[in-house]
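What follows is a single structure, written as C-alpha coordinates, with notes after it.
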Amino acid sequence: MASSSVMCSWLTPPCMSLACEGESSVSNSRRRPTTCPAYRRTKCAPRIRNLVNSSLALEPRHHLDTSHQSRNAPMQHCRRKLLRSSAHSGETMEVAVSPAMGVSSKMKPPTKQRRVVVTGMGVETSLGSDPDVFYNNLLDGVSGISEIEAFDCSQFPTRIAGEIKSFSTDGWVVPKLSKRMDRFMLYMLTAGKKALADGGITEDLMDELNKAKCGVLIGSAMGGMQVFHDAIEALRISYRKMNPFCVPFATTNMGSAMLAMDLGWMGPNYSISTACATSNFCILNAANHIIRGEAEMMLCGGSDAAIIPIGLGGFVACRALSQRNSDPTKASRPWDISRDGFVMGEGAGVLLLEELEHAKSRGATIYAEFLGGSFTSDAYHMTEPHPQGTGVILCVEKALAQSGVSKEDVNYINAHATSTPAGDLKEYQALIHCFGQNPELKVNSTKSMIGHLLGAAGAVEAVATVQAIRTGWVHPNINLENPDDGVDANVLVGPTKERLDIKVALSNSFGFGGHNSSILFAPYK
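Per the UniProt record's numbering, the sequence shown starts with residue 1, numbered consecutively.
Shown next as C-alpha coordinates:
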(Lines of atoms letter the chains of each structure in order from A and count residues from 1; the text may use other names and numbers.)
(Lines give C-alpha, C1' and ligand atoms only; values in the text may rest on other atoms or scores of the structure.)
Protein backbone atom coordinates (compact mmCIF):
# COMPACT_ATOMS: atom_id res chain seq x y z
CA MET A 1 0.00 0.00 0.00
CA ALA A 2 1.20 3.51 -0.73
CA SER A 3 2.23 5.42 2.31
CA SER A 4 1.48 8.89 0.98
CA SER A 5 -0.91 10.90 3.11
CA VAL A 6 -3.83 12.95 1.91
CA MET A 7 -3.59 16.30 3.67
CA CYS A 8 -6.44 17.72 5.68
CA SER A 9 -5.81 21.02 3.95
CA TRP A 10 -7.59 19.67 0.89
CA LEU A 11 -10.91 19.99 2.69
CA THR A 12 -11.08 23.72 2.10
CA PRO A 13 -13.56 24.33 -0.72
CA PRO A 14 -16.24 26.96 -0.99
CA CYS A 15 -18.83 24.27 -0.47
CA MET A 16 -22.05 26.19 -0.28
CA SER A 17 -23.53 29.61 -0.78
CA LEU A 18 -26.91 30.53 0.63
CA ALA A 19 -26.93 34.08 -0.71
CA CYS A 20 -29.66 34.89 -3.20
CA GLU A 21 -28.15 35.98 -6.47
CA GLY A 22 -29.64 37.47 -9.58
CA GLU A 23 -30.78 35.23 -12.36
CA SER A 24 -30.50 36.19 -16.00
CA SER A 25 -33.54 35.42 -18.05
CA VAL A 26 -33.28 33.26 -21.16
CA SER A 27 -36.23 35.08 -22.71
CA ASN A 28 -36.88 38.71 -23.54
CA SER A 29 -39.08 39.17 -20.48
CA ARG A 30 -38.25 41.47 -17.57
CA ARG A 31 -35.00 40.73 -15.78
CA ARG A 32 -35.37 39.57 -12.20
CA PRO A 33 -33.95 41.73 -9.41
CA THR A 34 -30.44 40.88 -8.31
CA THR A 35 -31.46 40.52 -4.70
CA CYS A 36 -34.18 38.59 -2.98
CA PRO A 37 -36.43 40.80 -0.79
CA ALA A 38 -37.79 37.79 1.07
CA TYR A 39 -34.29 36.78 1.96
CA ARG A 40 -33.45 40.30 3.19
CA ARG A 41 -36.49 40.27 5.42
CA THR A 42 -35.63 36.92 7.01
CA LYS A 43 -34.11 37.50 10.43
CA CYS A 44 -32.13 34.29 10.35
CA ALA A 45 -30.44 35.06 7.03
CA PRO A 46 -27.33 36.70 8.54
CA ARG A 47 -27.13 33.90 11.10
CA ILE A 48 -27.26 31.21 8.39
CA ARG A 49 -24.75 33.07 6.24
CA ASN A 50 -22.38 33.43 9.17
CA LEU A 51 -22.78 29.79 10.06
CA VAL A 52 -22.02 28.70 6.53
CA ASN A 53 -19.09 31.05 6.28
CA SER A 54 -17.66 30.01 9.63
CA SER A 55 -17.62 26.35 8.76
CA LEU A 56 -17.33 26.26 5.01
CA ALA A 57 -16.15 29.67 3.78
CA LEU A 58 -12.79 28.43 2.77
CA GLU A 59 -10.65 29.60 -0.05
CA PRO A 60 -10.60 27.53 -3.25
CA ARG A 61 -7.40 25.58 -3.65
CA HIS A 62 -7.86 24.09 -7.10
CA HIS A 63 -8.02 25.87 -10.42
CA LEU A 64 -8.95 24.05 -13.58
CA ASP A 65 -6.64 24.63 -16.49
CA THR A 66 -8.86 26.45 -18.95
CA SER A 67 -6.76 25.17 -21.82
CA HIS A 68 -8.71 21.94 -21.51
CA GLN A 69 -12.04 23.69 -21.99
CA SER A 70 -13.62 24.18 -25.38
CA ARG A 71 -15.08 27.51 -26.49
CA ASN A 72 -18.79 27.95 -26.01
CA ALA A 73 -20.67 27.30 -29.21
CA PRO A 74 -23.11 30.07 -30.18
CA MET A 75 -26.67 29.31 -29.21
CA GLN A 76 -28.94 28.54 -32.10
CA HIS A 77 -32.67 29.01 -32.16
CA CYS A 78 -34.57 25.76 -31.92
CA ARG A 79 -36.88 25.29 -34.85
CA ARG A 80 -39.67 22.79 -34.71
CA LYS A 81 -41.59 21.76 -37.75
CA LEU A 82 -44.86 20.08 -37.10
CA LEU A 83 -46.00 17.78 -39.88
CA ARG A 84 -49.69 17.33 -39.52
CA SER A 85 -51.58 14.69 -41.38
CA SER A 86 -55.28 15.01 -42.09
CA ALA A 87 -57.36 15.72 -39.03
CA HIS A 88 -58.92 12.28 -38.89
CA SER A 89 -59.08 10.77 -35.40
CA GLY A 90 -56.64 7.98 -34.68
CA GLU A 91 -54.01 9.16 -37.14
CA THR A 92 -50.57 9.95 -35.80
CA MET A 93 -48.55 13.14 -35.96
CA GLU A 94 -44.82 13.24 -36.64
CA VAL A 95 -42.66 15.93 -35.09
CA ALA A 96 -39.29 16.84 -36.59
CA VAL A 97 -37.00 18.64 -34.17
CA SER A 98 -33.80 20.31 -35.28
CA PRO A 99 -30.97 20.39 -32.70
CA ALA A 100 -30.83 23.43 -30.45
CA MET A 101 -27.06 23.42 -30.34
CA GLY A 102 -24.58 23.08 -33.18
CA VAL A 103 -23.70 19.41 -32.84
CA SER A 104 -21.34 17.84 -35.33
CA SER A 105 -22.78 14.86 -37.16
CA LYS A 106 -19.30 13.56 -37.94
CA MET A 107 -18.89 10.00 -36.73
CA LYS A 108 -16.06 9.17 -34.35
CA PRO A 109 -13.56 6.67 -35.73
CA PRO A 110 -13.76 3.25 -34.07
CA THR A 111 -11.39 2.94 -31.14
CA LYS A 112 -10.24 0.11 -28.95
CA GLN A 113 -12.15 -0.04 -25.66
CA ARG A 114 -10.32 1.62 -22.81
CA ARG A 115 -9.34 -0.70 -19.98
CA VAL A 116 -10.16 0.12 -16.35
CA VAL A 117 -7.95 -0.87 -13.40
CA VAL A 118 -8.07 -0.57 -9.63
CA THR A 119 -5.20 1.52 -8.25
CA GLY A 120 -6.42 2.46 -4.76
CA MET A 121 -8.73 1.26 -1.98
CA GLY A 122 -10.14 2.76 1.19
CA VAL A 123 -12.39 1.27 3.88
CA GLU A 124 -14.09 2.07 7.16
CA THR A 125 -15.40 -1.12 8.79
CA SER A 126 -15.81 -2.84 12.13
CA LEU A 127 -12.72 -4.90 11.24
CA GLY A 128 -10.42 -2.02 10.43
CA SER A 129 -9.95 1.18 8.48
CA ASP A 130 -7.01 0.00 6.37
CA PRO A 131 -7.53 -2.43 3.45
CA ASP A 132 -4.70 -4.72 4.59
CA VAL A 133 -5.77 -4.80 8.24
CA PHE A 134 -9.36 -5.34 7.15
CA TYR A 135 -8.51 -8.25 4.87
CA ASN A 136 -6.10 -9.91 7.27
CA ASN A 137 -8.88 -9.95 9.85
CA LEU A 138 -11.17 -11.54 7.28
CA LEU A 139 -8.56 -14.18 6.47
CA ASP A 140 -8.21 -14.95 10.18
CA GLY A 141 -11.97 -15.38 10.56
CA VAL A 142 -12.35 -12.50 13.02
CA SER A 143 -15.91 -11.33 13.61
CA GLY A 144 -16.72 -7.63 13.83
CA ILE A 145 -20.21 -8.28 15.23
CA SER A 146 -20.77 -7.15 18.84
CA GLU A 147 -23.29 -5.54 21.15
CA ILE A 148 -24.39 -2.06 20.13
CA GLU A 149 -22.80 0.64 22.28
CA ALA A 150 -23.77 3.86 20.48
CA PHE A 151 -27.20 4.03 22.13
CA ASP A 152 -29.39 2.18 24.60
CA CYS A 153 -31.05 -0.61 22.64
CA SER A 154 -32.16 -2.71 25.62
CA GLN A 155 -35.80 -2.45 24.53
CA PHE A 156 -35.11 -3.76 21.02
CA PRO A 157 -35.33 -7.48 20.17
CA THR A 158 -32.04 -7.07 18.26
CA ARG A 159 -29.14 -5.54 20.18
CA ILE A 160 -26.13 -6.49 18.03
CA ALA A 161 -24.48 -5.06 14.92
CA GLY A 162 -21.23 -4.69 13.02
CA GLU A 163 -20.66 -1.38 14.75
CA ILE A 164 -17.50 0.69 14.27
CA LYS A 165 -16.25 1.24 17.81
CA SER A 166 -13.33 3.52 17.05
CA PHE A 167 -13.47 6.12 14.30
CA SER A 168 -11.43 9.26 13.77
CA THR A 169 -11.49 11.95 11.10
CA ASP A 170 -8.24 13.53 12.30
CA GLY A 171 -6.13 14.55 9.34
CA TRP A 172 -8.92 13.79 6.87
CA VAL A 173 -11.84 16.16 7.62
CA VAL A 174 -11.74 19.61 9.19
CA PRO A 175 -13.13 19.64 12.76
CA LYS A 176 -16.09 21.96 12.08
CA LEU A 177 -17.43 19.64 9.40
CA SER A 178 -16.74 16.58 11.53
CA LYS A 179 -19.11 17.93 14.16
CA ARG A 180 -21.93 18.74 11.75
CA MET A 181 -21.86 15.96 9.15
CA ASP A 182 -23.73 12.69 9.37
CA ARG A 183 -21.45 9.71 9.90
CA PHE A 184 -22.26 8.28 6.47
CA MET A 185 -20.61 11.36 4.95
CA LEU A 186 -17.64 11.17 7.31
CA TYR A 187 -17.11 7.49 6.48
CA MET A 188 -17.31 8.37 2.80
CA LEU A 189 -14.85 11.28 2.98
CA THR A 190 -12.27 9.37 5.01
CA ALA A 191 -12.52 6.19 2.92
CA GLY A 192 -12.33 8.23 -0.27
CA LYS A 193 -9.22 10.08 0.81
CA LYS A 194 -7.63 6.88 2.04
CA ALA A 195 -8.23 5.37 -1.40
CA LEU A 196 -6.39 8.33 -2.94
CA ALA A 197 -3.52 7.97 -0.49
CA ASP A 198 -3.39 4.24 -1.15
CA GLY A 199 -3.27 5.00 -4.87
CA GLY A 200 -0.26 7.27 -4.44
CA ILE A 201 -2.14 10.50 -5.19
CA THR A 202 -0.03 13.02 -3.31
CA GLU A 203 -0.65 16.77 -3.20
CA ASP A 204 1.97 17.34 -5.87
CA LEU A 205 0.34 14.79 -8.16
CA MET A 206 -3.09 16.28 -7.46
CA ASP A 207 -1.90 19.57 -8.92
CA GLU A 208 -0.89 17.80 -12.13
CA LEU A 209 -4.19 15.98 -12.69
CA ASN A 210 -6.68 17.20 -15.26
CA LYS A 211 -9.50 17.69 -12.78
CA ALA A 212 -12.10 17.87 -15.52
CA LYS A 213 -11.35 14.19 -16.09
CA CYS A 214 -11.58 13.14 -12.43
CA GLY A 215 -14.92 12.25 -10.86
CA VAL A 216 -16.66 10.96 -7.74
CA LEU A 217 -19.53 8.48 -7.71
CA ILE A 218 -20.14 7.21 -4.19
CA GLY A 219 -23.66 6.32 -3.13
CA SER A 220 -25.67 5.58 -0.02
CA ALA A 221 -28.79 3.55 0.57
CA MET A 222 -29.97 5.39 3.69
CA GLY A 223 -28.28 8.80 3.57
CA GLY A 224 -28.06 11.09 6.59
CA MET A 225 -30.59 9.39 8.82
CA GLN A 226 -29.19 10.81 12.06
CA VAL A 227 -29.09 14.37 10.73
CA PHE A 228 -32.66 14.06 9.51
CA HIS A 229 -33.81 12.51 12.80
CA ASP A 230 -32.16 15.33 14.77
CA ALA A 231 -33.97 17.87 12.58
CA ILE A 232 -37.33 16.25 13.36
CA GLU A 233 -36.57 16.35 17.08
CA ALA A 234 -35.60 20.03 16.82
CA LEU A 235 -38.79 20.78 14.91
CA ARG A 236 -40.82 19.43 17.84
CA ILE A 237 -39.57 22.48 19.75
CA SER A 238 -39.43 25.05 16.96
CA TYR A 239 -38.28 25.35 13.37
CA ARG A 240 -35.82 27.94 14.70
CA LYS A 241 -33.96 25.11 16.42
CA MET A 242 -33.36 23.23 13.19
CA ASN A 243 -29.84 22.90 11.82
CA PRO A 244 -29.58 24.86 8.55
CA PHE A 245 -27.52 21.97 7.18
CA CYS A 246 -30.18 19.34 7.92
CA VAL A 247 -31.44 19.11 4.34
CA PRO A 248 -28.14 19.07 2.38
CA PHE A 249 -26.40 16.84 4.91
CA ALA A 250 -29.24 14.32 4.81
CA THR A 251 -29.29 13.82 1.05
CA THR A 252 -27.47 10.83 -0.42
CA ASN A 253 -25.63 12.85 -3.07
CA MET A 254 -23.95 15.31 -0.73
CA GLY A 255 -21.09 13.02 0.30
CA SER A 256 -19.90 12.69 -3.30
CA ALA A 257 -20.44 16.40 -3.82
CA MET A 258 -18.43 17.40 -0.74
CA LEU A 259 -15.58 15.09 -1.67
CA ALA A 260 -15.49 16.52 -5.21
CA MET A 261 -15.48 20.07 -3.84
CA ASP A 262 -12.74 19.09 -1.47
CA LEU A 263 -10.55 17.73 -4.25
CA GLY A 264 -11.56 20.19 -6.95
CA TRP A 265 -12.57 17.28 -9.19
CA MET A 266 -14.91 18.56 -11.89
CA GLY A 267 -15.67 15.37 -13.79
CA PRO A 268 -18.76 13.16 -13.34
CA ASN A 269 -20.16 13.68 -9.85
CA TYR A 270 -23.36 12.20 -8.47
CA SER A 271 -24.62 9.33 -6.37
CA ILE A 272 -26.86 6.33 -6.98
CA SER A 273 -29.18 4.82 -4.42
CA THR A 274 -30.47 1.32 -5.16
CA ALA A 275 -30.77 0.02 -1.60
CA CYS A 276 -28.17 -2.65 -0.85
CA ALA A 277 -27.04 -2.83 -4.48
CA THR A 278 -25.93 0.81 -4.40
CA SER A 279 -22.16 0.30 -4.40
CA ASN A 280 -22.06 -2.01 -7.40
CA PHE A 281 -24.25 0.37 -9.39
CA CYS A 282 -21.82 3.19 -8.56
CA ILE A 283 -18.72 1.15 -9.40
CA LEU A 284 -20.02 -0.02 -12.77
CA ASN A 285 -21.26 3.42 -13.77
CA ALA A 286 -17.95 4.96 -12.72
CA ALA A 287 -16.09 2.45 -14.89
CA ASN A 288 -18.37 3.27 -17.80
CA HIS A 289 -17.46 6.97 -17.52
CA ILE A 290 -13.81 5.97 -17.91
CA ILE A 291 -14.53 3.58 -20.80
CA ARG A 292 -16.44 6.32 -22.66
CA GLY A 293 -13.55 8.76 -22.20
CA GLU A 294 -15.47 11.08 -19.87
CA ALA A 295 -13.01 10.47 -17.04
CA GLU A 296 -9.50 9.18 -16.46
CA MET A 297 -9.94 8.55 -12.75
CA MET A 298 -13.01 7.89 -10.58
CA LEU A 299 -13.55 7.44 -6.85
CA CYS A 300 -16.51 5.11 -6.46
CA GLY A 301 -18.27 2.94 -3.89
CA GLY A 302 -20.77 3.38 -1.08
CA SER A 303 -21.27 4.45 2.52
CA ASP A 304 -23.96 3.97 5.18
CA ALA A 305 -24.35 4.63 8.90
CA ALA A 306 -27.79 3.35 9.90
CA ILE A 307 -26.98 1.83 13.30
CA ILE A 308 -29.14 4.35 15.11
CA PRO A 309 -32.51 3.84 16.83
CA ILE A 310 -34.62 4.66 13.79
CA GLY A 311 -32.49 2.44 11.53
CA LEU A 312 -32.44 -0.50 13.91
CA GLY A 313 -36.14 -0.10 14.66
CA GLY A 314 -37.04 0.02 10.98
CA PHE A 315 -35.31 -3.24 10.14
CA VAL A 316 -36.70 -4.86 13.28
CA ALA A 317 -40.16 -3.88 12.06
CA CYS A 318 -39.35 -5.61 8.75
CA ARG A 319 -38.50 -8.75 10.74
CA ALA A 320 -35.25 -8.93 8.81
CA LEU A 321 -32.67 -8.98 11.63
CA SER A 322 -31.06 -11.79 13.59
CA GLN A 323 -31.96 -11.89 17.27
CA ARG A 324 -29.00 -14.00 18.37
CA ASN A 325 -28.07 -11.44 21.02
CA SER A 326 -26.48 -13.90 23.42
CA ASP A 327 -23.74 -14.82 20.94
CA PRO A 328 -23.12 -11.87 18.58
CA THR A 329 -20.14 -13.34 16.73
CA LYS A 330 -22.29 -16.34 15.73
CA ALA A 331 -25.26 -14.31 14.54
CA SER A 332 -24.32 -13.77 10.89
CA ARG A 333 -24.18 -17.25 9.35
CA PRO A 334 -24.86 -17.30 5.59
CA TRP A 335 -26.08 -20.65 4.22
CA ASP A 336 -26.19 -22.21 7.69
CA ILE A 337 -29.47 -23.97 8.44
CA SER A 338 -29.91 -22.06 11.72
CA ARG A 339 -29.58 -18.55 10.25
CA ASP A 340 -32.33 -16.22 11.45
CA GLY A 341 -31.77 -12.93 9.62
CA PHE A 342 -29.03 -10.49 8.76
CA VAL A 343 -26.91 -8.37 11.10
CA MET A 344 -26.65 -4.64 10.42
CA GLY A 345 -23.23 -3.22 9.70
CA GLU A 346 -21.89 0.26 8.95
CA GLY A 347 -18.98 1.87 7.17
CA ALA A 348 -17.74 2.71 3.71
CA GLY A 349 -15.74 1.26 0.87
CA VAL A 350 -14.16 3.25 -1.97
CA LEU A 351 -12.23 2.11 -5.02
CA LEU A 352 -9.98 4.34 -7.11
CA LEU A 353 -10.64 3.27 -10.69
CA GLU A 354 -8.33 4.52 -13.41
CA GLU A 355 -7.84 4.21 -17.13
CA LEU A 356 -5.00 1.76 -17.71
CA GLU A 357 -2.66 3.99 -19.72
CA HIS A 358 -3.22 6.87 -17.30
CA ALA A 359 -2.29 4.59 -14.40
CA LYS A 360 0.80 3.29 -16.18
CA SER A 361 1.96 6.79 -17.11
CA ARG A 362 2.16 7.82 -13.47
CA GLY A 363 3.68 4.54 -12.31
CA ALA A 364 0.66 3.48 -10.24
CA THR A 365 0.46 0.10 -8.55
CA ILE A 366 -2.31 -1.85 -10.29
CA TYR A 367 -4.18 -4.16 -7.94
CA ALA A 368 -6.63 -5.71 -10.39
CA GLU A 369 -8.52 -5.06 -13.60
CA PHE A 370 -12.21 -4.23 -13.66
CA LEU A 371 -13.81 -6.25 -16.43
CA GLY A 372 -17.41 -5.07 -16.34
CA GLY A 373 -20.79 -5.97 -14.95
CA SER A 374 -24.53 -5.69 -15.27
CA PHE A 375 -27.80 -4.69 -13.58
CA THR A 376 -31.26 -6.25 -13.74
CA SER A 377 -34.55 -6.07 -11.89
CA ASP A 378 -36.52 -8.96 -10.43
CA ALA A 379 -39.74 -7.05 -11.07
CA TYR A 380 -41.31 -9.38 -8.55
CA HIS A 381 -41.52 -8.18 -4.93
CA MET A 382 -40.39 -5.27 -2.78
CA THR A 383 -38.23 -7.36 -0.42
CA GLU A 384 -38.45 -11.05 -1.39
CA PRO A 385 -36.19 -12.64 -4.03
CA HIS A 386 -37.72 -14.12 -7.16
CA PRO A 387 -38.59 -17.79 -6.47
CA GLN A 388 -36.72 -18.99 -9.57
CA GLY A 389 -33.87 -16.51 -9.23
CA THR A 390 -34.67 -15.26 -12.73
CA GLY A 391 -33.35 -11.73 -12.21
CA VAL A 392 -30.10 -12.90 -10.61
CA ILE A 393 -29.41 -15.43 -13.38
CA LEU A 394 -30.11 -12.80 -16.02
CA CYS A 395 -27.82 -10.34 -14.24
CA VAL A 396 -24.91 -12.77 -14.03
CA GLU A 397 -25.28 -13.88 -17.64
CA LYS A 398 -25.45 -10.28 -18.88
CA ALA A 399 -22.37 -9.39 -16.81
CA LEU A 400 -20.43 -12.24 -18.38
CA ALA A 401 -21.56 -11.30 -21.89
CA GLN A 402 -20.78 -7.62 -21.39
CA SER A 403 -17.31 -8.44 -20.05
CA GLY A 404 -16.50 -11.11 -22.62
CA VAL A 405 -15.87 -13.67 -19.87
CA SER A 406 -16.75 -17.36 -20.12
CA LYS A 407 -18.46 -19.14 -17.23
CA GLU A 408 -15.53 -21.52 -16.92
CA ASP A 409 -13.14 -18.69 -16.12
CA VAL A 410 -15.06 -17.52 -13.04
CA ASN A 411 -13.65 -19.48 -10.11
CA TYR A 412 -14.35 -17.13 -7.20
CA ILE A 413 -17.60 -15.46 -6.15
CA ASN A 414 -18.04 -13.03 -3.29
CA ALA A 415 -21.77 -13.57 -2.81
CA HIS A 416 -24.39 -11.15 -1.56
CA ALA A 417 -25.49 -13.81 0.99
CA THR A 418 -26.84 -11.82 3.93
CA SER A 419 -27.79 -14.70 6.25
CA THR A 420 -31.51 -14.55 5.50
CA PRO A 421 -33.49 -17.79 5.09
CA ALA A 422 -34.78 -17.10 1.57
CA GLY A 423 -32.11 -14.87 0.04
CA ASP A 424 -29.06 -17.07 0.65
CA LEU A 425 -30.62 -20.17 -0.90
CA LYS A 426 -32.03 -18.41 -3.96
CA GLU A 427 -28.68 -16.80 -4.74
CA TYR A 428 -26.85 -20.09 -4.27
CA GLN A 429 -29.23 -21.86 -6.66
CA ALA A 430 -28.77 -19.12 -9.25
CA LEU A 431 -24.99 -19.36 -8.97
CA ILE A 432 -25.04 -23.13 -9.37
CA HIS A 433 -27.30 -22.71 -12.39
CA CYS A 434 -24.67 -20.42 -13.96
CA PHE A 435 -21.41 -21.94 -12.72
CA GLY A 436 -22.26 -25.42 -11.45
CA GLN A 437 -20.04 -27.11 -14.05
CA ASN A 438 -16.91 -25.35 -12.79
CA PRO A 439 -15.09 -27.72 -10.38
CA GLU A 440 -12.76 -24.93 -9.19
CA LEU A 441 -15.55 -22.62 -8.07
CA LYS A 442 -15.34 -21.18 -4.54
CA VAL A 443 -17.98 -18.98 -2.93
CA ASN A 444 -17.91 -16.98 0.31
CA SER A 445 -19.71 -14.16 2.08
CA THR A 446 -17.88 -11.27 3.71
CA LYS A 447 -21.07 -10.52 5.66
CA SER A 448 -20.45 -13.52 7.91
CA MET A 449 -17.86 -11.35 9.69
CA ILE A 450 -18.87 -7.71 9.28
CA GLY A 451 -22.62 -7.95 8.82
CA HIS A 452 -24.59 -6.19 6.10
CA LEU A 453 -23.35 -2.66 5.38
CA LEU A 454 -26.43 -1.89 3.27
CA GLY A 455 -25.44 0.60 0.55
CA ALA A 456 -21.75 0.21 1.43
CA ALA A 457 -21.80 -3.60 1.28
CA GLY A 458 -20.86 -3.97 -2.38
CA ALA A 459 -17.89 -1.60 -2.17
CA VAL A 460 -16.43 -3.17 0.95
CA GLU A 461 -16.90 -6.60 -0.63
CA ALA A 462 -15.28 -5.33 -3.83
CA VAL A 463 -12.24 -4.42 -1.72
CA ALA A 464 -12.28 -7.95 -0.28
CA THR A 465 -12.53 -9.36 -3.81
CA VAL A 466 -9.58 -7.31 -5.07
CA GLN A 467 -7.59 -8.32 -1.99
CA ALA A 468 -8.31 -11.97 -2.72
CA ILE A 469 -6.90 -11.48 -6.22
CA ARG A 470 -3.83 -9.71 -4.85
CA THR A 471 -3.03 -12.18 -2.09
CA GLY A 472 -4.16 -15.47 -3.61
CA TRP A 473 -6.18 -16.22 -0.46
CA VAL A 474 -9.96 -16.27 -0.09
CA HIS A 475 -11.42 -15.67 3.33
CA PRO A 476 -13.53 -18.26 5.20
CA ASN A 477 -17.26 -18.48 5.74
CA ILE A 478 -17.45 -18.37 9.50
CA ASN A 479 -20.40 -19.88 11.38
CA LEU A 480 -21.17 -22.30 8.53
CA GLU A 481 -21.63 -25.25 10.87
CA ASN A 482 -24.59 -27.01 9.25
CA PRO A 483 -25.06 -26.06 5.58
CA ASP A 484 -28.63 -25.72 4.44
CA ASP A 485 -30.27 -28.59 2.59
CA GLY A 486 -29.38 -28.46 -1.07
CA VAL A 487 -26.16 -26.56 -0.49
CA ASP A 488 -22.92 -28.25 -1.55
CA ALA A 489 -20.36 -27.48 1.14
CA ASN A 490 -17.57 -28.21 -1.35
CA VAL A 491 -18.52 -25.12 -3.34
CA LEU A 492 -18.45 -22.88 -0.26
CA VAL A 493 -15.18 -21.81 1.35
CA GLY A 494 -14.77 -23.64 4.68
CA PRO A 495 -14.12 -22.33 8.19
CA THR A 496 -10.53 -21.32 7.38
CA LYS A 497 -8.95 -19.36 4.56
CA GLU A 498 -8.12 -21.21 1.35
CA ARG A 499 -5.52 -20.78 -1.37
CA LEU A 500 -6.99 -19.92 -4.77
CA ASP A 501 -5.39 -18.79 -8.00
CA ILE A 502 -8.21 -16.52 -9.13
CA LYS A 503 -8.86 -16.27 -12.85
CA VAL A 504 -11.96 -14.10 -12.72
CA ALA A 505 -13.84 -13.00 -9.59
CA LEU A 506 -17.50 -12.02 -9.45
CA SER A 507 -19.12 -9.93 -6.71
CA ASN A 508 -22.91 -9.79 -6.28
CA SER A 509 -25.09 -7.21 -4.57
CA PHE A 510 -28.88 -7.20 -4.43
CA GLY A 511 -31.26 -4.66 -2.92
CA PHE A 512 -34.82 -4.09 -1.77
CA GLY A 513 -36.92 -3.36 -4.82
CA GLY A 514 -35.49 -6.30 -6.74
CA HIS A 515 -32.26 -4.54 -7.79
CA ASN A 516 -29.58 -7.00 -8.92
CA SER A 517 -25.96 -6.21 -9.72
CA SER A 518 -22.91 -8.26 -10.63
CA ILE A 519 -19.39 -6.93 -11.23
CA LEU A 520 -16.24 -8.73 -12.37
CA PHE A 521 -12.55 -8.33 -11.52
CA ALA A 522 -9.46 -10.21 -12.68
CA PRO A 523 -5.71 -10.10 -12.15
CA TYR A 524 -4.11 -7.43 -14.31
CA LYS A 525 -2.08 -8.95 -17.13
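Every residue, glycine too, gets a C-beta built ideally from N, C-alpha and C.
None of the values given here were measured: they were computed from a predicted structure.
TODO: Please check if any C-beta of chain D sits within less than 8 Å of the C-beta of GLU233.
DONE: Of the protein chains in the structure, only one exists, and it is not chain D.
- [ ] Report the option in ASP336, GLY514, LEU235, ASN325 whose CA atom is closest to the CA atom of PRO483.
- [x] The shortest Cα separation from PRO483 among ASP336, GLY514, LEU235, ASN325 belongs to ASP336.
Open item on the list: Out of ILE145, ASP140, ASN516, which one is the CA nearest neighbour of ASN325?
Closed with: ILE145
Task: DSSP beta-bridge partners of ILE160 - done: GLU147
Open item on the list: Give the list of continuous alpha helix (DSSP H) stretches no shorter than 4 residues that lie fully inside the stretch 300-333.
Closed with: 309-317
TODO: Please classify ASN269: is it buried, with 16 or more other beta-carbons within 10 angstroms of its beta-carbon, or exposed?
DONE: buried
TODO: Please classify MET261: does DSSP put it in a helix, a strand, or coil?
DONE: MET261: helix per DSSP, three-state reduction.
- [ ] Count the other C-beta atoms from every protein chain shown that fall within 10 angstroms of the C-beta of GLU481, then say buried if there are 16 or more, exposed otherwise.
- [x] exposed
Task: alpha helix (DSSP H) segments (min. 4 residues) lying fully within the stretch 177-226 - done: 183-198, 203-208
Open item on the list: If distances are taken between C-alpha atoms only, which option among ILE291, LEU284, MET258, SER507 comes closest to LYS193?
Closed with: With distances taken between CA atoms, LYS193 lies nearest to MET258 out of ILE291, LEU284, MET258, SER507.
Open item on the list: Please report the distance separating the alpha-carbon of GLU59 from that of MET261.
Closed with: Reliability fails at GLU59, whose pLDDT of 38 lies under 50, so the model's placement of it is uncertain and no value is given.
TODO: Check each candidate in ALA275, SER507, GLY313, VAL491 and name the one with the smallest Cα separation from GLY514.
DONE: ALA275
TODO: Would you give the residue range spanned by the alpha helix (DSSP H) that SER448 belongs to?
DONE: 447-450
Task: Backbone CA spacing between LYS241 and ALA234 [nearest angstrom] - done: 5 Å
- [ ] Go to GLY372, then tell me how far its beta strand (DSSP E) extends in each direction, as first and last residue.
- [x] Here the beta strand (DSSP E) through GLY372 covers 368-377.
Open item on the list: Quick test of the definition: if touching needs 3 or more C-beta pairs under 8 Å, does the stretch 114-125 touch the stretch 184-204?
Closed with: Yes, they touch.
Task: Proximity to GLU346 [Cα-Cα], best of SER303, GLY373, ALA317 - done: SER303
Open item on the list: Using the three-state DSSP reduction, which class does SER517 fall into: helix, strand or coil?
Closed with: Strand.
Task: Collapsed DSSP secondary structure at LYS525 in the structure displayed - done: Correct three-state label for LYS525: coil.
- [ ] Have a look at ALA359 and VAL133 and give me their C-alpha separation to the nearest angstrom.
- [x] If you take the alpha carbons of ALA359 and VAL133, they lie about 25 Å apart.
TODO: Assuming ALA348 contacts SER273 (C-beta within less than 8 Å), just tell me the rounded distance between them.
DONE: Contact doesn't hold; Cβ gap of about 14 Å is too wide.
- [ ] Would you kindly report the start and end of the unbroken alpha helix (DSSP H) that includes ALA359?
- [x] 356-361
Task: Same chain only: Cβ atoms within 7 Å of ALA195, ignoring 5 sequence neighbours per side - done: GLY120, MET121, GLY122, LEU299, VAL350, LEU351, LEU352
Task: Among LEU186, GLY264, GLU163, nearest to GLU208 - alpha-carbon criterion - done: Cα-wise, what sits closest to GLU208 is GLY264.
- [ ] Would you tell me roughly how many angstroms separate the C-alpha atoms of GLU498 and GLY341, rounded to the nearest one?
- [x] 26 Å
TODO: Between the Cα of ALA464 and those of LEU506, HIS433, ALA150, TYR428, spot the shortest distance and give me the residue it belongs to.
DONE: Minimum Cα distance to ALA464 is reached at LEU506.
TODO: Have a look at ASP182, PRO334, PHE249, THR190 and flag the residue whose alpha-carbon is nearest the alpha-carbon of ALA422.
DONE: PRO334
- [ ] For ARG236, count neighbouring C-beta atoms within 10 Å of its own C-beta (all shown protein chains included) and say buried if the count is 16 or more, exposed if not.
- [x] The residue in question, ARG236, is exposed, as its Cβ has fewer than 16 Cβ neighbours within 10 Å.
Task: Beta-ladder partner(s) of SER507, from DSSP - done: ASN414, ILE519
TODO: Note down the Cα distance separating GLY436 from LEU371, rounded to an integer number of angstroms.
DONE: 22 Å
Task: Check whether SER419 and SER322 have beta carbons under 8 Å apart - done: yes
Open item on the list: In the DSSP output, which residue or residues are listed as bridge partners for MET298?
Closed with: GLY215, LEU353
Open item on the list: Judging by CA-CA distance, which residue of ASN516, ALA462, SER517, LEU453 is the nearest neighbour of ALA306?
Closed with: Comparing Cα-Cα distances from ALA306 to each of ASN516, ALA462, SER517, LEU453, the minimum goes to LEU453.
Task: Residues near LYS139 by beta carbon distance below 6 Å, same chain, minus five either side - done: The sequence given here has Leu at residue 139, not Lys. Answer for LEU139: TRP473, HIS475, LYS497, listed in chain order.
- [ ] Would you kindly work out how many angstroms separate the C-alpha atoms of ASN253 and VAL316, rounded to a whole number?
- [x] 27 Å
- [ ] Rank MET225, GLY219, SER166 by C-alpha distance to the C-alpha of GLY313 and give the top, closest one.
- [x] GLY313 has its Cα closest to that of MET225, out of MET225, GLY219, SER166.
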